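**Student:** Structure in structure tokens, see below.
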Amino acid sequence: AHREVTEAWLKKHNFKYHGLLMGKPRGGNYHWIDNHIVKATRFKGKFTDLVVKTHEIEVFKR
2 AHREVTEAWL
12 KKHNFKYHGL
22 LMGKPRGGNY
32 HWIDNHIVKA
42 TRFKGKFTDL
52 VVKTHEIEVF
62 KR
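Start counting the sequence shown at 2; every next residue gets the next number (the working numbering).
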């Protein structure tokens, strides 16, 4: 069910992609082969309810 919902959202928002990897590979042991740079991130916190935050940032003048 997650794949169908995700693909529908991507299509609705004209998000281009080549493939979708769904689910967590067994034991986290897997290899990714591609001709482009692939980066991975590991989240070590706790998944909690989302909160709204406002931040001020500095940007370069145009």
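C-beta: ideal position from N, C-alpha, C; glycine also.
Everything numeric in this text was worked out from a predicted model, so none of it was measured.
Give the DSSP-derived three-state secondary structure of Lys12 in the structure shown.
**Tutor:** Lys12 falls in the helix class under three-state DSSP.
**Student:** Just confirm the distance between the C-beta atoms of His3 and Met23, as a whole number of angstroms; I'd bet it's less than 8 Å.
**Tutor:** Confirmed, Cβ separation roughly 6 Å.
**Student:** So, helix, strand or coil for His32, using DSSP?
**Tutor:** The answer is coil: DSSP assigns His32 none of H, G, I, E or B.
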